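Colleague: Quick mapping for you: the protein sequence lines, in order, are chains A and B.
Throughout, the numbering used here is defined as the position within the first sequence, counted from one, plus 31.
Throughout, the numbering used here is defined as the position within the second sequence, counted from one, plus 9.
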Amino acid sequence: TQLLEQSPQFLSIQEGENLTVYCNSSSVFSSLQWYRQEPGEGPVLLVTVVTGGEVKKLKRLTFQFGDARKDSSLHITAAQPGDTGLYLCAGEGGSGNTGKLIFGQGTTLQVKP
Amino acid sequence: DTEVTQTPKHLVMGMTNKKSLKCEQHMGHRAMYWYKQKAKKPPELMFVYSYEKLSINESVPSRFSPECPNSSLLNLHLHALQPEDSALYLCASSRTGNYGYTFGSGTRLTVV
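(1) With a CB to CB cut of under 7 Å and the five nearest residues on each side skipped, what residues in its chain are close to residue 46 of chain A?
(2) What would DSSP say about residue 67 of chain B, mapped onto helix, strand or coil?
(3) Would you list, in chain order, the members of the stretch 36-66 of chain A that have their beta-carbon closer than 7 Å to a beta-carbon of chain B?
(4) At what residue ranges does the stretch 44-99 of chain B contain a whole run of the beta strand (DSSP E), taking only runs of 3 or more?
(5) Please confirm whether residue 99 of chain B and residue 130 of chain A have their CB atoms less than 7 Å apart.
(6) Give a yes or no on whether the minimum CB-CB distance between residue 82 of chain A and chain B is below 7 Å.
(7) Could you please give the first and the last residue of the uninterrupted beta strand (DSSP E) stretch that includes residue 10 of chain A?
(8) Does any residue of chain B have a CB that is nearer than 7 Å to the CB of residue 69 of chain A?
(9) List, in order along the chain, the chain A residues whose C-beta lies closer than 8 Å to that of residue 117 of chain B?
(10) Please list, in chain order, the residues of the stretch 97-118 of chain B that have any C-beta partner in chain A closer than 9 Å.
(11) Rounded to a whole number of angstroms, what is the C-alpha to C-alpha distance between residue 69 of chain B and residue 15 of chain B?
(12) Rounded to whole angstroms, what is the Cα-Cα separation between residue 28 of chain B and residue 10 of chain B?
(13) Given a limit of 8 Å on CB to CB distance, which residues of the stretch 66-99 of chain B reach chain A?
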């Protein structure tokens, strides 16, 4: 069974601070996706990383996929209150296109003004 | 159109009722999904449809019955639900390849 361990589960920081969320597994994934979810809404896709070692930047967010395609991280620079939400990493199975997206447990981020 | 539309947004039903959740997308995605999400937990996969055919059923109880009438629509028929089935039900769609999923806003279901 493929599992994704996401840490930390909760994070409360002040506006302007930096943070990193980790997503780790002992299994290989064909892709890793990061989503952000607001209360009462569906997850919104932030990025998909596919290639081992890949780094993608989305404004103040930086996403990395591990060389072995087993782990990923999300780094936010100078966090803002608008970054508050639930961040979810999700992996597509090793052979890809399985239809089974495996989610980490999520990181609840609160950014205080 | 880059959205997945779910209706209704909220639903309260009794344990003897029959109701349906609807999901629609016009992005040409050929894979559609139903997920269940409890408070402060990640979404859990229920069903996967690929090219209008059911490809994955994650051992979901038969009181949940999915239907895919065409490539744009996905329904979830509900019958004789239990209070523990109360949750946010999310529909998603994707195209072939590692492009990520587009989720709808969900239906908040309460079973009384």
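C-beta: ideal position from N, C-alpha, C; glycine also.
Values in this document were obtained by computation on a predicted structure and should not be read as measured data.
Modeller: Considering the structure as presented:
(1) Sequence index remark: in the first sequence, residue 46 of chain A carries index 15 (1-based). Cβ neighbours of residue 46 of chain A beyond the five flanking positions: 110, 111, 112, 142, 143, 144.
(2) Your numbering for residue 67 of chain B matches position 58 in the second sequence. If DSSP states are grouped into helix, strand and coil, residue 67 of chain B belongs with coil.
(3) Those residues of the stretch 36-66 of chain A that come within reach of chain B (Cβ to Cβ, closer than 7 Å) are 61, 62, 64.
(4) Segments of the beta strand (DSSP E) lying fully in the stretch 44-99 of chain B: 53-59, 62-66, 73-79, 82-88.
(5) For the purposes of this step, residue 99 of chain B is taken as the residue at position 90 of the second sequence. For the purposes of this step, residue 130 of chain A is taken as the residue at position 99 of the first sequence. Going by beta carbons, residue 99 of chain B and residue 130 of chain A fall outside the 7 Å limit.
(6) Translated into positions along the first sequence, residue 82 of chain A becomes position 51. The beta carbon of residue 82 of chain A sits no closer than 7 Å to any beta carbon of chain B.
(7) Given a span of 32 to 144 for chain A in the structure shown, any question on residue 10 of chain A remains unanswerable.
(8) For this step, residue 69 of chain A is matched to residue 38 along the first sequence. No, no contact with chain B.
(9) Here residue 117 of chain B refers to the residue found at position 108 of the second sequence. Ordered by position in chain A, the residues that pass the 8 Å Cβ test against residue 117 of chain B are 71.
(10) Residues 97, 99, 100, 101, 103, 105, 106, 107, 108, 109, 110, 111, 112, 113, 114, 115, 117.
(11) Mapped onto the second sequence, residue 69 of chain B falls at position 60. Mapped onto the second sequence, residue 15 of chain B falls at position 6. So the alpha carbons of these two residues sit roughly 20 Å apart.
(12) Position 19 of the second sequence, counted from the start, is the residue given in the question as residue 28 of chain B. Position 1 of the second sequence, counted from the start, is the residue given in the question as residue 10 of chain B. C-alpha separation (whole angstroms): 27 Å.
(13) Listed in sequence order: 97, 99.
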